[in-house]
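Quick note, the sequence shown lines up with residues 56 to 467 if you use this note's numbering.
Using N, Cα and C, we set each Cβ at its ideal position, and we do this for glycine too.
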Amino acid sequence: MSTSRWTIPLGAVLVHLGIGSVYAWSTLNRPIIAALPPQPWWGSPPYTTFTAALVLLGLSAAIMGPWVERRGAQVAAKTSAIFFASGLALGGMGLLWQLPLLLFLGLGILCGIGCGIGYIAPVSTLVKWFPERRGMATGFAIMGFGGGAFLGGYANAFLIEQIGVAKALFALSGVYFLLMWTGAQLLHPAPEIHRGVNRPAAEGLTRREALRTPQFVLLWGMLCVNVTAGIGILAQASPMMQDLFGRTPKQAAAVVAIISLFNAGGRLLWSSASDFLGRRVTYLIFFVVQLALFLLIPRFAQAGAWWPFLACLLTVFTMYGGGFATMPAFLADLFGSRNVGAIHGAVLTAWSVAAVTGPVIITELSDRARAALAPGAPRVHIYDQPLMLLAGLLAVGLLLTLAVKPLKKAVP
Numbered sequence: 056m057s058t059s060r061w062t063i064p065l066g067a068v069l070v071h072l073g074i075g076s077v078y079a080w081s082t083l084n085r086p087i088i089a090a091l092p093p094q095p096w097w098g099s100p101p102y103t104t105f106t107a108a109l110v111l112l113g114l115s116a117a118i119m120g121p122w123v124e125r126r127g128a129q130v131a132a133k134t135s136a137i138f139f140a141s142g143l144a145l146g147g148m149g150l151l152w153q154l155p156l157l158l159f160l161g162l163g164i165l166c167g168i169g170c171g172i173g174y175i176a177p178v179s180t181l182v183k184w185f186p187e188r189r190g191m192a193t194g195f196a197i198m199g200f201g202g203g204a205f206l207g208g209y210a211n212a213f214l215i216e217q218i219g220v221a222k223a224l225f226a227l228s229g230v231y232f233l234l235m236w237t238g239a240q241l242l243h244p245a246p247e248i249h250r251g252v253n254r255p256a257a258e259g260l261t262r263r264e265a266l267r268t269p270q271f272v273l274l275w276g277m278l279c280v281n282v283t284a285g286i287g288i289l290a291q292a293s294p295m296m297q298d299l300f301g302r303t304p305k306q307a308a309a310v311v312a313i314i315s316l317f318n319a320g321g322r323l324l325w326s327s328a329s330d331f332l333g334r335r336v337t338y339l340i341f342f343v344v345q346l347a348l349f350l351l352i353p354r355f356a357q358a359g360a361w362w363p364f365l366a367c368l369l370t371v372f373t374m375y376g377g378g379f380a381t382m383p384a385f386l387a388d389l390f391g392s393r394n395v396g397a398i399h400g401a402v403l404t405a406w407s408v409a410a411v412t413g414p415v416i417i418t419e420l421s422d423r424a425r426a427a428l429a430p431g432a433p434r435v436h437i438y439d440q441p442l443m444l445l446a447g448l449l450a451v452g453l454l455l456t457l458a459v460k461p462l463k464k465a466v467p
């Protein structure tokens with residue numbers, strides 16, 4: 056086959072740049088709320104958009120994983136492009152026609168399904184094209200998901216200012232469809248020469264066999280804990296900076312943009328490092344370092360130490376992104392590469408759980424602490440309790456990682 060294997064990561068990045076824009080949807084929330092009649096809290100963004108899409112991402116990845124393996128990365132990525140672009144267009148129609156249900160069906164359901172299929176589409180192909188550098192290969196692709204947040208945030212703000220939120224969704228629908236379809240065209244199945252790894256489990260377990268192992272349960276828990284901690288902070292990053300350090304909304308927004316770059320860069324950095332450190336050691340580093348940082352953040356806030364706080368925040372987000380990117384290679388190491396796309400889809404249900412759990416923990420507890428403050432009292436301690444709780448979860452993640460062992464026997 057004349058295909059260069061280096062076009063495969065490029066195609067994966069293009070697909071993930073499109074679906075990764077879901078991380079920038081917070082910029083759509085207020086314009087959408089302003090464009091629709093008043094809704095109850097559960098009927099407005101982010102619950103009908105971001106949260107619903109991430110829940111559907113995990114569920115659709117789990118359900119469609121075997122189909123993605125059967126049909127291949129190219130067909131799956133094109134299907135993802137159709138779902139994601141159609142969801143944005145339907146959301147635009149919902150805003151034009153003042154129908155919140157259409158907005159939910161578009162951004163929450165169709166876009167969520169597109170995200171789930173598109174997220175796992177390149178993974179199996181990448182680990183087969185790069186058997187000797189699985190972490191680096193999947194890191195390239197999943198870096199695109201983080202990068203989509205950075206580009207999407209600026210694109211959303213510009214288009215909303217120029218043409219309004221409904222027409223912006225139509226424009227984004229067309230742009231992301233072309234971007235993702237182009238990326239899909241570059242995804243080709245790996246020839247046998249690239250699959251020949253000298254590992255006893257190279258052929259690997261089926262998804263059903265993998266799901267019955269303790270290793271799968273442990274990895275699911277590790278990903279859930281890592282995402283819960285990271286997405287909890289992500290959900291409240293801007294209010295946290297305003298409450299703890301008196302930053303303006305504009306200043307906080309600039310830091311959120313920088314966070315998305317560290318999130319994207321951490322995906323490639325840590326997954327590539329895991330090729331040398333090992334996946335288990337990499338996850339141990341994630342949990343040990345983040346546990347320490349979550350305990351330090353309240354102290355830095357109390358001392359007014361902005362730069363150490365910012366360093367903690369950015370480090371956490373490299374590991375948040377790195378956890379996503381390292382997981383597919385971890386799965387391939389343990390269960391073999393043949394069905395890694397389907398197994399990866401199943402483990403992404405941890406993301407669905409964490410997408411609800413993390414924001415609820417930090418938002419609800421900080422809101423209660425804020426409500427209990429006397430008028431004019433400083434807000435420096437309102438995040439102490441949720442950060443301590445998330446630190447406790449990270450300690451659980453550390454124990455889960457220590458328990459992961461290789462399979463006892465190879466599966467033919």
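{"Query": "Separation of residue 350 from residue 165, as counted between CA atoms", "Result": "39 Å"}
{"Query": "Buried or exposed by the 16-neighbour rule on C-beta atoms within 10 Å, applied to residue 225", "Result": "buried"}
{"Query": "Beta-carbon spacing of residue 161, residue 145 below 7 Å", "Result": "yes"}
{"Query": "At least 3 beta-carbon pairs within less than 8 Å: the stretch 211-230 vs the stretch 406-420", "Result": "no"}
{"Query": "Boundaries (first-last residue) of the alpha helix (DSSP H) holding residue 510", "Result": "No information on residue 510 is available, as it lies outside the stretch 56 to 467 that the chain covers here."}
{"Query": "C-alpha gap between residue 402 and residue 173, whole angstroms", "Result": "15 Å"}
{"Query": "Residue span of the alpha helix (DSSP H) that contains residue 305, given as start and end", "Result": "304-332"}
{"Query": "Length of the line joining the Cα atoms of residue 354 and residue 406", "Result": "29 Å"}
{"Query": "Euclidean distance between Cα positions of residue 391 and residue 418", "Result": "39 Å"}
{"Query": "Residue environment, residue 113, which counts as buried when at least 16 other CB atoms sit within 10 Å", "Result": "buried"}
{"Query": "At least 3 beta-carbon pairs within less than 8 Å: the stretch 131-142 vs the stretch 185-202", "Result": "no"}
{"Query": "Spatially closest choice to residue 421 from 85, 292, 81, by CA coordinates", "Result": "292"}
{"Query": "Neighbourhood of residue 237 by C-beta, 7 Å cutoff - its chain only, sequence neighbours within 5 removed", "Result": "69"}
{"Query": "Given residue 377 as reference, the closest of 197, 299, 77 once Cα atoms are compared", "Result": "197"}
{"Query": "Per-residue burial, residue 159 [other beta carbons within 10 Å of its own, 16 or more giving buried]", "Result": "buried"}
{"Query": "Sequence-distant residues of the same chain with beta carbon closer than 6 Å to residue 221, five excluded per side", "Result": "147, 150, 151"}
{"Query": "Expected contact under 8 Å - CB spacing of residue 273 and residue 459 to nearest Å", "Result": "5 Å"}
{"Query": "8 Å CB neighbourhood of residue 373 in its chain, flanking five on each side removed", "Result": "317, 318, 320, 321, 324, 325"}
{"Query": "Where residue 61 sits in the DSSP three-state scheme", "Result": "coil"}
{"Query": "Rounded C-alpha distance that separates residue 79 from residue 203", "Result": "8 Å"}
{"Query": "Buried or exposed (CB count within 10 angstroms, at least 16 for buried), residue 216", "Result": "exposed"}
{"Query": "Residue 185 in three-state terms, based on DSSP", "Result": "coil"}
{"Query": "Distance, residue 384 Cα to residue 335 Cα", "Result": "11 Å"}
{"Query": "Cβ pair residue 397, residue 120 closer than 7 Å", "Result": "yes"}
{"Query": "Coil, strand or helix - residue 428 by DSSP", "Result": "coil"}
{"Query": "Contacting residues, own chain, Cβ-Cβ under 6 Å from residue 66 (five flanking each side not counted)", "Result": "238, 241, 242"}
{"Query": "N- and C-terminal bounds of the alpha helix (DSSP H) containing residue 520", "Result": "A question about residue 520 goes unanswered here, because the residues of the chain that appear run from 56 up to 467."}
{"Query": "Residue from 76, 92, 125 with nearest C-alpha to residue 108", "Result": "76"}
{"Query": "Helix, strand or coil at residue 249 according to DSSP, with G and I counted as helix", "Result": "Residue placement at residue 249 cannot be trusted, given a pLDDT of 47 that sits under 50; the coordinates are not used to answer."}
{"Query": "For residue 101, three-class secondary structure by DSSP", "Result": "coil"}
{"Query": "Beta-carbon contacts of residue 99 that lie in its chain and below 7 Å, excluding the five residues immediately before and after", "Result": "88"}
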